[in-house]
Amino acid sequence: MSSLTPVGLSDLIEEATSEADRHVDAFIQVALKNVDISVDVWNFRLKGIRRDTRTSAIRKARVIAALNALNKAEIVHESKMSMSELKAYLDATHAKLSEGVVLDHIINSTEPGSIILRREMNRQLPIIRMPVEILSMIFEEYAAGPWDERSEDENWRYSYIYLPPAAHEKDGYKDVCTIGYVCSDWRTVSLKTGSLWSRLSLRWPQDVLRTFIARSGGSPLEVFSGSSRLRGSIDDGVFGDMTSLIMERHRLIKKISLDLSMNMSSYSVQRVDAALSRMWEYSFPKLKSLSLTSQHRFGWGEEESPSIGSSLLSSAPNLHELSLERLQLSAMDGIAPLVHLTSLTMDQMETSHGDLQLPELVALLCRMPNLSMLKLKRLDFQTSASSAVDHVPRAELSQCKDLELQLSSQFPLKILLSAIYCPKVETLEIECPPVDDKLALSSFHALPQYISELVMQCRCLCLKPDSLERDLGAYYHMNEDANLSKETPQYTFTERSYATQIQLGADLTQEIHPMIASVVKLPLDRLTVLYMAHLINHQTGHLIPSAGNWRYLFSALPSLKHLEIWHMKKMVTINLCKALGDASSCPELTTLTIDNKSFNLKELRKCLSQRKIFKVGVKTLNVKCLNPFPMRNIPCSYHVVECFTNCEEITDI
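Residue numbers (this note's numbering): 16 to 668.
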């Protein structure tokens with residue numbers, strides 16, 4: 016871009032600043048020969064003089080470098096000046112510099128030569144000297160950033176709507192246009208970067224859409240509408256301006272994300288169905304990502320959802336990602352396999368005759384052999400399809416590594432996971448109603464054998480409430496060194512019961528607390544790390560686990576090395592400490608981490624002492640508080656090698 020290399024300019028600037036320093040030194044030696052310049056007043060003044068002199072020298076060096084760069088044929092062509100005119104300007108400017116004319120007068124002059132001079136000086140800036148390819152990438156990242164931000168609106172348990180911010184979607188084109196206002200070089204680069212103009216919102220004015228499409232050139236297009244307020248009538252072509260402008264380049268569209276929600280009485284489900292059908296009459300050979308959602312139900316009586324259309328998959332054979340929410344599945348008989356599809360999300364989907372039938376879903380998944388991510392959320396299945404595992408057709412997704420299931424009804428989980436067979440699953444998240452109201456995490460016991468065997472390989476288990484702190488969840492990590500606060504668990508089981516954890520323990524006649532009985536039924540013998548938070552959410556009048564109950568749990572953990580316990584009442588942890596002091600309780604335990612407010616330190620000391628007597632002593636004790644203070648080492652006289660805490664009130668154990 017610039018005709019001046021950075022090295023040449025830096026050499027000129029270095030020489031100019033050195034010359035400026037020499038002039039200041041000479042001034043001091045002559046004019047201030049008998050002055051003590053070490054005095055603060057003089058020292059401050061001389062620093063300012065030296066700074067200002069250097070600044071002036073650098074600016075003059077930039078002007079000289081720019082003048083030298085102007086003496087080239089391409090500059091003559093760009094400036095539309097003749098060579099003789101340019102040469103005359105250069106000679107006159109060099110003479111002005113020699114005569115001491117103020118630099119501002121030279122730079123800010125209105126004559127044509129000074130305009131070229133300012134442009135050349137702009138090209139000396141580091142951002143301008145960057146290669147065009149890198150500058151284009153920076154522009155693209157700047158323009159893409161707001162689109163990548165998603166506003167999260169919780170509208171149902173564990174469900175979030177991911178849409179571009181409404182303000183950006185409406186006026187986001189202004190940010191892209193601003194890039195071209197910085198300088199002529201940036202404008203030139205931005206206009207030649209087609210991908211910078213390839214993101215289009217259906218809420219933008221028609222003239223803006225036309226300009227962006229023209230500037231995008233042949234770049235793949237991304238079309239968004241994260242709002243129900245589409246421009247124009249839904250009967251105008253496909254979706255208002257979409258037909259006349261965007262659909263002319265339907266073969267270039269690589270991404271479509273549309274919210275089909277309509278909150279006006281004139282918009283009916285039949286009109287949306289017709290619009291989608293017309294849309295799929297086009298061919299989308301480059302469409303890689305498609306997201307369709309309908310957040311609001313149509314009609315005042317019976318709830319209805321628009322249909323995705325029977326031609327959707329056949330018109331976009333190269334889809335990689337497909338996300339559908341609150342829509343109706345149409346018959347897809349005869350469509351070719353979608354071998355490129357790797358990600359499928361279906362949320363609250365149904366068919367024209369009501370709830371999904373498992374054979375229909377299996378038939379659809381069989382046409383997607385290369386799925387690596389499958390998310391089925393808030394789906395209801397017709398119970399007639401759940402006769403027996405052996406009679407259910409099966410879709411074998413051998414490439415699927417990420418599987419998420421959120422079931423709205425008590426459809427047999429074992430049948431579903433047998434019908435959707437993912438032998439290589441690495442991340443599994445299951446949320447469903449409880450299979451047994453008297454057993455926490457009962458869904459785990461409804462898993463097919465191949466899933467159970469995968470879970471049994473895990474070394475780390477977190478037992479804690481779900482994100483809304485309503486029900487207990489089991490979060491399995493394969494790696495015992497996993498960062499529990501950051502890393503995604505491999506296998507997650509939560510049950511949408513809302514009251515199971517509170518009710519467990521209400522029956523005082525039970526010999527073993529049902530929460531502990533539930534946990535013991537999980538695969539524990541290979542665990543090396545166990546994290547428990549709110550495990551016993553004790554209510555007044557409920558059963559308190561006895562020391563024998565806790566001993567029953569801890570004896571099922573022969574390989575456990577790290578135990579972490581948070582948020583339990585002291586009346587509960589007193590018996591826990593008694594049990595943990597037994598020789599059979601976690602005999603391999605080396606690290607114990609506790610919440611200070613959950614434990615009686617006197618009982619904790621007894622526990623540590625007993626373990627030492629039985630030669631199963633703990634090596635590291637961490638006593639934590641919910642504060643931002645760092646952990647510090649403190650003395651511990653109860654046979655613990657190291658003891659750490661961030662609690663200000665604790666000085667020793």
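We treat Cβ as the ideally placed atom computed from N, Cα and C, and that holds for glycine. Here the structure is a predicted model, which is why all the values come from computation and not from measurement.
For residue i, the three-state DSSP class (helix, strand or coil)
{"i": "A31", "result": "helix"}
{"i": "W581", "result": "strand"}
{"i": "F396", "result": "strand"}
{"i": "V544", "result": "strand"}
{"i": "I350", "result": "coil"}
{"i": "N648", "result": "strand"}
{"i": "Y297", "result": "coil"}
{"i": "Y104", "result": "helix"}
{"i": "S71", "result": "helix"}
{"i": "S166", "result": "Residue placement at S166 is poorly supported in this model, since its pLDDT is 39, which falls under 50; the coordinates still yield a value, given next. Strand."}
{"i": "D26", "result": "helix"}
{"i": "Y567", "result": "helix"}
{"i": "T208", "result": "coil"}
{"i": "T588", "result": "helix"}
{"i": "Y175", "result": "Note on Y175: pLDDT 37, under 50, position unreliable in the model; no value is reported."}
{"i": "R77", "result": "helix"}
Local Cβ density within 10 Å of residue i, reported as buried at 16 or more and exposed below that
{"i": "A107", "result": "exposed"}
{"i": "G488", "result": "buried"}
{"i": "M646", "result": "exposed"}
{"i": "M294", "result": "buried"}
{"i": "L140", "result": "exposed"}
{"i": "R66", "result": "exposed"}
{"i": "Q505", "result": "buried"}
{"i": "K270", "result": "buried"}
{"i": "D190", "result": "exposed"}
{"i": "Q421", "result": "buried"}
{"i": "I435", "result": "buried"}
{"i": "E164", "result": "Caution applies to E164, whose pLDDT of 47 falls short of 50 and renders its modelled position unreliable; the model cannot decide the point."}
{"i": "D26", "result": "exposed"}
{"i": "Y196", "result": "exposed"}
{"i": "L430", "result": "The sequence given here has Ile at residue 430, not Leu. Burial call: buried."}
{"i": "L616", "result": "exposed"}
Endpoints, beta strand (DSSP E) assigned at residue i
{"i": "L420", "result": "417-422"}
{"i": "K270", "result": "268-274"}
{"i": "K639", "result": "635-639"}
{"i": "S338", "result": "336-340"}
{"i": "G488", "result": "487-492"}
{"i": "V238", "result": "236-240"}
{"i": "S358", "result": "358-362"}
{"i": "C658", "result": "657-660"}
N- and C-terminal bounds of the alpha helix (DSSP H) containing residue i
{"i": "L307", "result": "Not the alpha helix (DSSP H): L307 falls in the beta strand (DSSP E), residues 304-308."}
{"i": "C381", "result": "373-381"}
{"i": "P480", "result": "P480 -> not in any alpha helix (DSSP H); beta strand (DSSP E) instead, spanning 475-480."}
{"i": "F227", "result": "221-231"}
{"i": "S433", "result": "428-434"}
{"i": "C192", "result": "188-194"}
Nearest neighbour of residue i, chosen from the options [CA to CA]
{"i": "A41", "options": "G488, L61, S25", "result": "L61"}
{"i": "P352", "options": "L334, I323, S304, S231", "result": "L334"}
{"i": "I559", "options": "P321, R69, N590", "result": "N590"}
{"i": "D667", "options": "V638, P643, F644, L550", "result": "V638"}
{"i": "G209", "options": "S234, G195, S574", "result": "S234"}
{"i": "S424", "options": "G556, L47, P449", "result": "P449"}
{"i": "L275", "options": "P438, I323, N385", "result": "I323"}
{"i": "I445", "options": "M547, D451, L456", "result": "L456"}
{"i": "I468", "options": "N661, S387, P480, V440", "result": "It should be pointed out that residue 468 corresponds to Glu in this sequence rather than to Ile. Of the candidates N661, S387, P480, V440, the one whose C-alpha sits nearest the C-alpha of E468 is V440."}
{"i": "S330", "options": "S304, I466, E319", "result": "S304"}
{"i": "Y188", "options": "R214, Y196, D200, S205", "result": "R214"}
{"i": "P408", "options": "M145, C381, S387", "result": "C381"}
{"i": "N86", "options": "A76, A72, L105, R474", "result": "L105"}
{"i": "E502", "options": "D200, Y490, F508, R266", "result": "Y490"}
{"i": "V587", "options": "A562, A110, A571", "result": "A562"}
{"i": "G596", "options": "L550, L616, N615, L623", "result": "L623"}
{"i": "T605", "options": "G63, T70, S272, V544", "result": "V544"}
{"i": "C662", "options": "L641, A594, S97, H265", "result": "L641"}
Within-8 Å CB hit, residue i to chain D
{"i": "V638", "result": "Among the protein chains of the structure shown there is no chain D, as only one such chain exists."}
Heavy atom of the ligand GTP within 7 Å of residue i beta-carbon
{"i": "G195", "result": "Summarising the ligand content, the structure contains no ligands, and the ligand GTP is consequently not present."}
So does the segment 571-585 actually touch the segment 610-621, counting three or more Cβ pairs closer than 8 Å? At 8 Å Cβ cutoff, the stretches touch.
Could you check whether the segment 458-471 touches the segment 522-531, counting it as contact only if at least three pairs of C-beta atoms, one from each stretch, sit closer than 8 Å? Contact fails between the segment 458-471 and the segment 522-531, because fewer than three Cβ pairs, one in each stretch, are under 8 Å apart.
Examine the Cβ distances between the segment 387-395 and the segment 360-379 and report whether three or more of them are shorter than 8 Å. Yes, they touch.
Do the segment 145-152 and the segment 121-137 make contact, defined as three or more Cβ pairs closer than 8 Å? Contact fails: fewer than three Cβ-Cβ distances are below 8 Å.
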